[in-house]
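Just so you know, the protein sequences line up as chains A and B, in that order. Just so you know, we're using our numbering here: the first sequence kicks off at 102 and counts up by one. Just so you know, we're using our numbering here: the second sequence kicks off at 102 and counts up by one. For every residue, glycine included, the Cβ atom is placed at its ideal position computed from N, Cα and C. Predicted model, so just to flag it, every value in this text is computed and none were measured.
2 protein chains.
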Amino acid sequence: MQKVNVSLCPQVENAFGILSKKWTGLILNVLIAGPRHFCDLQREVPSLSARLLTIRLRELEAENIVRRVVQTQSPVRVAYELTERGKALEPVLKAIESWAHDWAPNTDVTIHN
Amino acid sequence: MQKVNVSLCPQVENAFGILSKKWTGLILNVLIAGPRHFCDLQREVPSLSARLLTIRLRELEAENIVRRVVQTQSPVRVAYELTERGKALEPVLKAIESWAHDWAPNTDVTIHN
């Protein structure tokens, strides 16, 4: 048994903290494709309540990952888009997507008859 | 505003579901370095309670990401290690770590005096 102590860097702990909130990954996975209105996000992450979507968007704004953009058309509309910090999460989202496709649930279980 | 509808693939939704549980990422980040006893995991993810660590390990076992290995020494000890499916998460963990280091909190905020 290897007894190496993995030192927990605060930035890494913070990153896992942000990404380990329910729905955050799926919200980011929609926004990586481009800006969205609130109702688009609701449609594209269907099981997520409006209340929790609001909370998650505010958390991501506070983390400077998502920004709120007021579109000065009539009627005024609000969209959400990724900041540069948010866009930099693309390799993380792509890696999760690749893993999901390459390793569908229980792909390395050997069944003995 | 781009109106592309991102179709939510069940495998991708499942992957985000697994990884979006509090502490799961940090537990995997320790196990990627090699097998660990329960007490090693407790030491290396210090804010995590024994109860929640047990729950997370069982969830990861059920997902075939972590396996429990009984070491037949005296006294018998139990270790936890990643399965092949778990080891395949390394690119995800590395991508999160890179992002955490490259984009420390609020790195793209411009401060106007």
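Checking contacts by CB at 8 Å: is residue i closer than that to chain B?
i, result
"V171/A", "no"
"I220/A", "Here chain A has residues from 102 to 214 only, and residue 220/A is not among them."
"E114/A", "yes"
"R186/A", "yes"
"S121/A", "yes"
"V177/A", "no"
Counting only C-beta atoms, is residue i closer than 8 Å to chain A at any point?
i, result
"Q174/B", "no"
"E164/B", "yes"
"A205/B", "yes"
"A201/B", "yes"
"L158/B", "no"
How far does the alpha helix (DSSP H) with residue i in it extend, from its first residue to its last?
i, result
"V131/B", "125-132"
"C110/B", "Premise fails: C110/B is in no alpha helix (DSSP H) and is neither H nor E."
"I156/B", "151-163"
"A189/B", "Neither: A189/B is in no alpha helix (DSSP H) and is coded neither H nor E."
What residues match up with residue i in a beta bridge as DSSP calls it?
i, result
"V179/A", "V171/A"
"H138/B", "A180/B"
_the segment 193-203 of chain B in contact with the segment 196-204 of chain A per 3-pair CB rule at 8 Å_ = yes
Q.
Counting only Cβ-Cβ distances shorter than 8 Å, please list the residues of the segment 125-145 of chain B near chain A, keeping chain order.
A. T125, G126, L127, N130, V131, A134, G135, P136, R137, H138, D141, R144, E145
### Message
Can you confirm whether the segment 118-128 of chain A touches the segment 145-159 of chain A when touching is taken to mean that 3 or more C-beta pairs between the two stretches lie within less than 8 Å?
### Response
Per the Cβ contact rule, the segment 145-159 of chain A is in contact with the segment 118-128 of chain A (3 or more Cβ pairs under 8 Å).
Should the segment 113-126 of chain B be called in touch with the segment 114-126 of chain A, which here means at least 3 C-beta pairs below 8 Å? Pairwise C-beta distances place the segment 113-126 of chain B in contact with the segment 114-126 of chain A, as three or more of them are shorter than 8 Å.
Note to self: For the structure I just gave you, are there three or more beta carbon pairs, one from the segment 161-171 of chain A and one from the segment 183-190 of chain A, closer than 8 Å?
What the structure shows: Under the three-pair Cβ rule at 8 Å, the segment 161-171 of chain A counts as touching the segment 183-190 of chain A.
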